[in-house]
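Enquirer: Quick one: the structure is below, and I'll ask about it shortly.
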Amino acid sequence: MSKTISEINEKIKEGKAVVVTAEEVIDLVERDGYKKTAETVDVVTTGTFGPMCSSGMFVNFGHSKPPIKMTKVTLNDVPAYAGLAAVDAYIGATELSLKRGMEYGGAHVIEDFIAGKDILLQAESYGTDCYPRKEITTKVNKDNVNQIFLFNPRNCYQNYAAATNSTNKTIYTYMGTLLPNYGNVTYSTSGELSPLLNDPEFRTIGIGTRLFLGGGVGYVAWEGTQHNPDQAKSENGLPVAGAGTLSLIGDIRGMSTEFIRAGVFQKYGITLYVGVGIPIPILDEEMLAKTAIKNKDIYTRIVDKSGKVDLDILVNYEELRSGQISLFGKKVSTAPLTSLYKSRIIAEKLKGWILNGSFLLTEKVCDLPAHNKVNTLEVRG
Amino acid sequence: MKKIKITFEFPPNSIKQPLTYRLIKDFDLMLNILSADVSLNRTGRLTMDMQGEEDMLEAALDWVKKQGISFKIFEKEVIWNEDKCIHCGACTAVCPSGALSLDNETWKLTFDREKCLICELCIQTCPLGVMGLNGDNASLDT
Chain U
145 MSKTISEINE KIKEGKAVVV TAEEVIDLVE RDGYKKTAET VDVVTTGTFG
195 PMCSSGMFVN FGHSKPPIKM TKVTLNDVPA YAGLAAVDAY IGATELSLKR
245 GMEYGGAHVI EDFIAGKDIL LQAESYGTDC YPRKEITTKV NKDNVNQIFL
295 FNPRNCYQNY AAATNSTNKT IYTYMGTLLP NYGNVTYSTS GELSPLLNDP
345 EFRTIGIGTR LFLGGGVGYV AWEGTQHNPD QAKSENGLPV AGAGTLSLIG
395 DIRGMSTEFI RAGVFQKYGI TLYVGVGIPI PILDEEMLAK TAIKNKDIYT
445 RIVDKSGKVD LDILVNYEEL RSGQISLFGK KVSTAPLTSL YKSRIIAEKL
495 KGWILNGSFL LTEKVCDLPA HNKVNTLEVR G
Chain R
-17 MKKIKITFEF PPNSIKQPLT YRLIKDFDLM LNILSADVSL NRTGRLTMDM
33 QGEEDMLEAA LDWVKKQGIS FKIFEKEVIW NEDKCIHCGA CTAVCPSGAL
83 SLDNETWKLT FDREKCLICE LCIQTCPLGV MGLNGDNASL DT
């Protein structure tokens, strides 16, 4: 038996849809089997809340009197890119404050906008006949600007390599603090709850897919940068390191600081914790089987972040989540960087939206690439 | 009754006394060893909670000094701003004593202050800046 997305949407509107999270579906399959569960369940919700550096925000400030064609823009002393039309700018999550360095940056500006705070806008210009003003200093917030939306080039990595450190010194990375001599292992996905691991071939997730983004509603805008569907896979077809990615877009005004947070990785830099949840329509038994994957079936590589040693070690998420794995005969503690607690809340929240009829599923407008070559940057003279 | 958290530092090969035995027997102290790194020909470190009557604690520390053992009493404690915590677990990657850990049912962070060695690694590591030091826990002079 198979279902279409529009049939599922009709059930959602009638309040009859059966929606479970990607964790709950595992228990249902164990109890009732694939066939029966595929008939009963209409939607499986996923969730993740992790550091996603490739994130940022567009904002249009509106025109002042007299008007200015902004060329240099800072928001709370954090530079924003203004090489666009007169009062459009883009602020990237990892940009550092000119005055406070790594303590405050683009991600904090984004979080402060979402919190409704006033943000100091300073802009300069060379002045033109139509835009005579040469500088402006004022305060803006999410209610007095025009459009303000997150536009994240790369979010939601489908799996990610776990990190460790082979050297005899502590190293500070975007995978957290890694202790000397393989002193710890960090990992960053929500495993069986992770959106793209529940639809590994992008059968239902594509351009246009409506989703939970930062507490509000967002959409898949494009394939994410470095989208790598050709990543090595284990026997069950799941990638064993970073693979597919998504570019996401969504209105800042619907978001909450509960699901968008700025973070600082010591001696590395600033990042944005982004909460994403994607609904997977259970079209048939095959789709259901994909969503029923368990942590013990999802493997990832362990990578030496010092770059000194090529490790060839695979580990599954059940092992990583146990808090300890064995590495070269030694017990090593493991720690996540993705909040599993918040990932679960996101999957539950999205489930609630669908159950109360406020969130309908979408047909993708276009497929994500099934193959893609990831280039390296060569230094050419 | 008073409880302090303390680290003793032993010079290499100079300890003639069974330290913990004397502290318990002579000064009626309750000891909870949190971490110990003691080996031959090297400076040793022992961190523990010591609980007992205030005058006994003072007398015990006087006696310890006379044995040529130096010590540091923790006057601060690590504080966790739970309301702002996202429970990611980055701090658990560096916590040496297991004071910070994730509950594997709820995946929420738990902080067992008893086990905390006040090494402050979590304070620097926490991406959200929700770990800090609180300095109002001053106790006996060293």
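Order-wise, the sequence lines are chains U and R.
Using my numbering, read the first sequence as starting at 145 and increasing by one per residue.
Using my numbering, read the second sequence as starting at -17 and increasing by one per residue.
Ideal Cβ placement from N, Cα and C applies to all residues, glycine included.
Assess contact between the region 191 to 205 of chain U and the region 221 to 238 of chain U, defined as three or more Cβ pairs (one per stretch) separated by less than 8 Å. Is contact present?
Expert: A contact exists between the region 191 to 205 of chain U and the region 221 to 238 of chain U.
Enquirer: Between N101/U and L392/U, how many whole angstroms is the CB-CB distance? I'm expecting something under 8 Å.
Expert: Missing from the structure shown is residue 101/U; chain U here goes from 145 to 525 and no further.
Enquirer: Given a threshold of 16 other Cβ atoms within 10 Å of its Cβ, counted over all protein chains shown, does C274/U qualify as buried or as exposed?
Expert: Locating residue 274/U in the first sequence gives position 130, counting from the first residue. Classification of C274/U: exposed, given that the 10 Å Cβ count is below 16.
Enquirer: List the residues that DSSP assigns as beta-bridge partners of V509/U.
Expert: Numbered from 1 along the first sequence, position 365 holds the residue referred to as residue 509/U. Paired residues: none, contrary to the question.
Enquirer: Are at least three pairs of beta-carbons, each pair with one atom in the region 342 to 360 of chain U and one in the region 277 to 285 of chain U, less than 8 Å apart?
Expert: Touching, no.
Enquirer: Apply the 10 Å Cβ neighbour rule to V509/U and answer buried if 16 or more other Cβ atoms are within range, or exposed otherwise.
Expert: Here residue 509/U refers to the residue found at position 365 of the first sequence. Answer is exposed; the Cβ neighbour count stays below 16.
Enquirer: Return the chain-ordered list of same chain residues with a C-beta closer than 6 Å to the C-beta of D123/R, the five sequence neighbours on each side being excluded.
Expert: The residue labelled residue 123/R in the question sits at position 141 within the second sequence. Below a pLDDT of 50, predicted positions are generally treated as unreliable, and D123/R, at 35, falls in that range; the measurement from the model is reported next regardless. Correct list: empty, nothing qualifies.
Enquirer: Quick one, which residues of the region 58 to 75 of chain R are near chain U if we go by CB-CB under 7 Å, in chain order?
Expert: Residues passing the 7 Å Cβ filter: I68, H69, C70, G71, A72, T74, A75.
Enquirer: Any heavy atom of the ligand COA closer than 7 Å to the beta-carbon of N516/U?
Expert: Summarising the ligand content, the structure contains no ligands, and the ligand COA is consequently not present.
Enquirer: Taking the alpha-carbon of Q(-1)/R as reference, which of K66/R, I(-14)/R, I51/R, I(-12)/R has the nearest alpha-carbon?
Expert: Stepping through the second sequence from its first residue, residue -1/R is reached at position 17. Here the closest residue by C-alpha is I51/R.
Enquirer: Do I(-14)/R and I61/R come within 8 Å of each other at the CB atom, strictly closer than that value?
Expert: Taking the second sequence and counting its residues from 1, the one referred to as residue 61/R is at position 79. Taking the second sequence and counting its residues from 1, the one referred to as residue -14/R is at position 4. Cβ distance not < 8 Å, so I61/R and I(-14)/R don't count as in contact.
Enquirer: Where I105/R and M113/R are concerned, what is the direct C-alpha to C-alpha distance, given to the nearest angstrom?
Expert: For the purposes of this step, residue 105/R is taken as the residue at position 123 of the second sequence. For the purposes of this step, residue 113/R is taken as the residue at position 131 of the second sequence. Between I105/R and M113/R, the C-alpha separation is close to 5 Å.
Enquirer: Contact criterion: CB-CB distance below 8 Å. Does V187/U meet it with respect to chain R?
Expert: In the first sequence, residue 187/U corresponds to position 43, counting from 1. Cβ-Cβ to chain R under 8 Å: no for V187/U.
Enquirer: At a CB-CB cut-off below 8 Å, which residues of chain R make contact with S146/U?
Expert: Your numbering for residue 146/U matches position 2 in the first sequence. Per Cβ cutoff of 8 Å: no residues; S146/U is ~34 Å from chain R at best.
Enquirer: Please list, in chain order, the residues of the region 475 to 496 of chain U that have any C-beta partner in chain R closer than 9 Å.
Expert: Correct list: S477, T478, A479, P480, L481, T482, S483, L484, Y485, K486, S487, R488.
Enquirer: Could you tell me which chain U residues have their CB closer than 7 Å to the CB of L110/R, listed as they occur along the chain?
Expert: For the purposes of this step, residue 110/R is taken as residue 128 along the second sequence, with counting starting at 1. What L110/R touches in chain U: R405, G407.
Enquirer: Report the neighbours of A323/U on chain R: residues whose CB is nearer than 8 Å to its CB, in chain order.
Expert: Counting from one through the first sequence, the residue named residue 323/U turns up at place 179. Contrary to the premise, residue 323/U reads as Leu rather than Ala in this sequence. By Cβ distance, chain R contributes A75, V76.
Enquirer: Using 8 Å for Cβ pairs, my map puts L219/U next to L265/U. What's the rounded Cβ distance?
Expert: On the first sequence, residue 219/U is found 75 positions in, with the first residue counted as 1. On the first sequence, residue 265/U is found 121 positions in, with the first residue counted as 1. Correct: roughly 6 Å between the Cβ atoms.
Enquirer: If we ignore side chains and look at the alpha-carbon of each, how far apart do E492/U and T165/U end up?
Expert: To locate residue 492/U, count along the first sequence from 1; it is residue 348. To locate residue 165/U, count along the first sequence from 1; it is residue 21. Each residue's Cα considered, the two are about 7 Å apart.
Enquirer: Name, in chain order, the residues that DSSP records as bridge partners for E(-9)/R.
Expert: Start at 1 with the first residue of the second sequence, and residue -9/R comes out as number 9. Paired residue(s): R27/R, S52/R.
Enquirer: Do Q370/U and R298/U have their CB atoms nearer than 8 Å?
Expert: Sequence index remark: in the first sequence, residue 370/U carries index 226 (1-based). Sequence index remark: in the first sequence, residue 298/U carries index 154 (1-based). Closer than 8 Å, so yes.
Enquirer: Run through the region 69 to 119 of chain R for me and flag every whole beta strand (DSSP E) of 3 or more residues, listed as ranges in chain order.
Expert: Qualifying beta strand (DSSP E) stretches, in chain order: 82 to 84, 91 to 93, 113 to 116.
Enquirer: Since G359/U and G419/U should fall inside the 8 Å C-beta cutoff, what is the C-beta to C-beta distance between them, to a whole number of angstroms?
Expert: By one-based count along the first sequence, residue 359/U stands at place 215. By one-based count along the first sequence, residue 419/U stands at place 275. The Cβ separation is near 7 Å, so the contact holds.
Enquirer: Using the three-state DSSP reduction, which class does I156/U fall into: helix, strand or coil?
Expert: Taking the first sequence and counting its residues from 1, the one referred to as residue 156/U is at position 12. In this structure, I156/U counts as helix in the three-state DSSP scheme.
Enquirer: Going by C-alpha to C-alpha distance, which of C108/R, E59/R, T(-11)/R, E96/R sits closest to V20/R?
Expert: Your numbering for residue 20/R matches position 38 in the second sequence. Out of C108/R, E59/R, T(-11)/R, E96/R, T(-11)/R has the C-alpha closest to the C-alpha of V20/R.
Enquirer: Please decide whether N116/R counts as near chain U, where near means a Cβ-Cβ distance under 8 Å.
Expert: In the second sequence, residue 116/R corresponds to position 134, counting from 1. No, its Cβ sits nowhere closer than 8 Å to a Cβ of chain U.
Enquirer: Does the Cβ of Y3/R have 16 or more other Cβ atoms within 10 Å, making it buried, or fewer, making it exposed?
Expert: For the purposes of this step, residue 3/R is taken as the residue at position 21 of the second sequence. Y3/R is exposed by the Cβ-count criterion.
Enquirer: Decide yes or no for the touch test of the region 328 to 337 of chain U against the region 426 to 439 of chain U: beta carbon pairs closer than 8 Å, at least 3 of them.
Expert: Verdict: yes, contact present.
Enquirer: Identify the residues that DSSP records as bridge partners of A224/U: which are they?
Expert: Against the first sequence, residue 224/U aligns to sequence position 80. Paired residue(s): V217/U.
Enquirer: Bridge partners of S241/U, per DSSP?
Expert: Residue mapping note: residue 241/U aligns to position 97 of the first sequence, counting from 1. Per DSSP, G245/U.
Enquirer: Report back the beta-carbon spacing between A385/U and A305/U to the nearest angstrom; my notes put them in contact at under 8 Å.
Expert: As a position in the first sequence, residue 385/U is number 241, starting the count at 1. As a position in the first sequence, residue 305/U is number 161, starting the count at 1. About 4 Å; that satisfies the 8 Å criterion.
Enquirer: Nearest chain U C-beta to K90/R closer than 8 Å, yes or no?
Expert: As a position in the second sequence, residue 90/R is number 108, starting the count at 1. Taking Cβ atoms only, chain U reaches closer than 8 Å to K90/R, which makes this a yes.
Enquirer: Under 6 Å Cβ to Cβ from D85/R, same chain only, skipping five residues before and after it: list those, please.
Expert: Looking up residue 85/R in the second sequence gives position 103. The residues are T92.
Enquirer: I'd like the span of the alpha helix (DSSP H) that includes R175/U, first residue to last.
Expert: In the first sequence, counting from the first residue as 1, residue 175/U sits at position 31. That run of the alpha helix (DSSP H) goes 168 to 184.
Enquirer: Run the CB neighbour count on V518/U, radius 10 Å, all protein chains shown included, and call it buried at 16 or more, exposed below.
Expert: Position 374 of the first sequence, counting from 1, holds the residue named residue 518/U. With fewer than 16 other Cβ atoms within 10 Å, it is exposed.
Enquirer: Let me check understanding here. Comparing Cα to Cα, which of I6/R, L115/R, A42/R, T29/R lies closest to K97/R?
Expert: As a first step, residue 97/R must be located in the second sequence, where it is residue number 115. When only C-alpha atoms are compared, the closest one is T29/R.
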